[in-house]
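Residue numbers (mature numbering (1 follows the signal peptide of the UniProt record, and there is no 0)): -19 to -1, 1 to 368.
Now the structure itself:
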């Protein structure tokens, strides 16, 4: 083996070792999935899931039985799986899965939810609190969007950008990346379709200003009431000027460099210290940013499907929650990446076969004198081309 190949192999192993995989599900052990996933009994009318590869799939053996499929039309669905609780504080959070709308989705959800560890799985329903909701939602020609909803300060906040989704019968890989620097990325089939700042794309700047104002007011009250140590030990360097690249709107008020006061001698205050005192009411709070955890969740412990579908048949598979973007990408290549090509080929073959059969039926009807056959043929297949 060449030295370069050995080096690459070692790097790959190291990457896998460094990645933390919180949850991974490929349904490779058949019906044992029922030991890990809990069907909600909150409503007796909830639809049921089954394990299925659907009508077309990528790998004859591996994909012969795979994925949770909705089975009943016009139903709500609620199912979840639990894992060891964790906090993503200071870490990247990657949520990924594949979804195949085999029924040519007309109205319904294809999204997933990530829940706190204390979620009541047996009672899971639309009112159950979640941390993240991510994935496609489709209804008619108007609603074709990818939801990215985050829970913060006891409220749900949606991305203000309209992220469009395709009504695709094949199995697109959907990936959401939330980074500790408050940037995010939404990928479909490995390609980024939306990215930016969590702070601004979730319309949370007003909350941030309120949080900042509250924290600054609190700090100032503490200073005036209790003569904190900061007030006694520091003063503002009056000779320093604000940097030319400082953006007050993005960076806030410039606090200025702080200089350490020399210790008092004989209980005497130093000359000239009053005019240079560090003014707390102008400082940038050090508290509100740590409290403003837009994409940090302390007790993540479950993933689930809680949705509505008019026509059933959607298949969910290849679930992954990790802290490593590269691991998620490699996992996607090893699962969805290996099956997408053969799956498309099988779908194309089946489509041609359906078209052939429909043409034969049309010819038979025409011979029988049914001149409405062409219109029936068009009505039968226009949705496939349209979707």
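Think of the CB as a built atom: it goes at the ideal place given N, C-alpha and C, for glycine as much as any other residue. Source: prediction; values computed, not measured.
Hey, could you find the ends of the beta strand (DSSP E) residue 125 is sitting in? Here residue 125 refers to the residue found at position 144 of the chain shown. Unbroken beta strand (DSSP E) run through residue 125: 124 to 133.
Where do the ends of the beta strand (DSSP E) carrying residue 115 lie? Residue 115 sits at position 134 when you count from the first residue of the chain shown. Start and end: 113 to 120.
Buried or exposed for residue 304, please, with buried defined as at least 16 other CB atoms from any protein chain shown within 10 angstroms of its CB. Along the chain shown, read from residue 1 onward, the residue named residue 304 stands at position 323. Answer is buried; the Cβ neighbour count reaches 16.
Here's the rule I'm using: 16 or more other beta-carbon atoms within 10 Å means buried, otherwise exposed. How should residue 107 be labelled? Stepping through the chain shown from its first residue, residue 107 is reached at position 126. Classification of residue 107: exposed, given that the 10 Å Cβ count is below 16.
Under 8 Å Cβ to Cβ from residue -2, same chain only, skipping five residues before and after it: list those, please. Looking up residue -2 in the chain shown gives position 18. Taken in chain order, the residues that qualify are 305.
Where does residue 122 land, buried or exposed, given buried means 16+ other C-beta within 10 angstroms? Here residue 122 is taken as the residue at index 141 of the chain shown, counted from 1. By the neighbour-count rule (16 or more Cβ atoms within 10 Å), residue 122 is not buried but exposed.
Please work out which residues of its chain come closer than 6 Å, Cβ to Cβ, to residue 5, disregarding the five sequence neighbours upstream and downstream, and give them in chain order. The count along the chain shown starts at 1 and reaches residue 5 at position 24. Excluding residues within five positions, the ones whose Cβ falls inside 6 Å are 301.
For residue 179, does the three-state DSSP call read helix, strand or coil? As a first step, residue 179 is located in the chain shown; it is residue number 198 there, counting from the start. It is helical.
Quick one: using the 10 Å Cβ neighbour count with 16 as the cut-off for buried, is residue 48 buried or exposed? Numbered from 1 along the chain shown, position 67 holds the residue referred to as residue 48. By the neighbour-count rule (16 or more Cβ atoms within 10 Å), residue 48 is buried.
With a threshold of 8 Å, are at least 3 pairs of Cβ atoms found where one atom belongs to the region 178 to 186 and the other to the region 108 to 128? no
Work out the CA separation of residue 286 and residue 364 for me, nearest whole Å. Numbered from its first residue, the chain shown carries residue 364 at position 383. Numbered from its first residue, the chain shown carries residue 286 at position 305. Confidence at residue 364 is low in this model, with a pLDDT of 49, below 50, so its placement is unreliable and the value that follows should be read with caution. Their Cα atoms are separated by approximately 27 Å.
Which of the three DSSP states, helix, strand or coil, is assigned to residue 59? Counting from 1 along the chain shown, the entry for residue 59 is found at position 78. In the structure shown, residue 59 sits in a strand (DSSP, three-state: E or B).
Would you say residue 79 and residue 299 are within 7 Å of each other, going by their C-beta atoms? The sequence position of residue 79 within the chain shown is 98, counting from 1. The sequence position of residue 299 within the chain shown is 318, counting from 1. Closer than 7 Å, so yes.
With a CB to CB cut of under 7 Å and the five nearest residues on each side skipped, what residues in its chain are close to residue 14? Position 33 of the chain shown, counted from the start, is the residue given in the question as residue 14. Closer than 7 Å at Cβ, skipping near neighbours: 8 and 32.
Sequence-distant residues of its chain with Cβ nearer than 6 Å to residue 98 (five each side left out): The count along the chain shown starts at 1 and reaches residue 98 at position 117. Around residue 98: 66, 280 and 282.
Beta carbon of residue 165 nearer than 7 Å to that of residue 179: In the chain shown, residue 165 corresponds to position 184, counting from 1. In the chain shown, residue 179 corresponds to position 198, counting from 1. In this structure, residue 179 lies closer than 7 Å to residue 165 by Cβ.
Report the partner residues of residue 88 according to the DSSP bridge assignment. Walking along the chain shown from the start, residue 88 turns up at place 107. Note: residue 88 sits in a beta bridge opposite 120.
Taking the alpha carbon of residue 308 as the point to measure from, which residue in 288, 88 and 156 has its own alpha carbon closest? Numbered from its first residue, the chain shown carries residue 308 at position 327. Closest by alpha carbon: 156.
Beta-carbon gap between residue 293 and residue 52 smaller than 7 Å: For this step, residue 293 is matched to residue 312 along the chain shown. For this step, residue 52 is matched to residue 71 along the chain shown. Taking C-beta atoms as the reference points, residue 293 and residue 52 count as a pair closer than 7 Å.
Is residue 89 closer than 7 Å to residue 289 when the C-beta atoms are compared? For the purposes of this step, residue 289 is identified with residue 308 of the chain shown, where counting begins at 1. For the purposes of this step, residue 89 is identified with residue 108 of the chain shown, where counting begins at 1. Result yes, Cβ atoms of residue 289 and residue 89 sit closer than 7 Å.
C-beta contact flag for residue 145 and residue 125 at 7 Å: Mapped onto the chain shown, residue 145 falls at position 164. Mapped onto the chain shown, residue 125 falls at position 144. Yes, the pair counts as a contact, with Cβ atoms nearer than the cut-off.
Just verifying my parser: in three-state terms, what is the DSSP assignment at residue 15? As a first step, residue 15 must be located in the chain shown, where it is residue number 34. Here residue 15 sits in helix by DSSP.
Would you kindly work out how many angstroms separate the C-alpha atoms of residue 276 and residue 133, rounded to a whole number? Working through the chain shown from its first residue, we reach residue 276 at position 295. Working through the chain shown from its first residue, we reach residue 133 at position 152. The straight-line gap from Cα to Cα measures roughly 8 Å.
Once DSSP output is grouped into helix, strand and coil, what is the label at residue 107? As a position in the chain shown, residue 107 is number 126, starting the count at 1. Looking at residue 107 - three-state DSSP - the assignment turns out to be coil, as it is neither helix nor strand.
Local conformation of residue 282 per DSSP, three classes: What you label residue 282 is simply residue 301 of the chain shown in a count that begins at 1. In the structure shown, residue 282 sits in a strand (DSSP, three-state: E or B).
Would residue 61 and residue 131 be called neighbours here (beta carbons separated by less than 7 Å)? In the chain shown, counting from the first residue as 1, residue 61 sits at position 80. In the chain shown, counting from the first residue as 1, residue 131 sits at position 150. It is not a contact, given that the beta carbons lie outside the stated cut-off.
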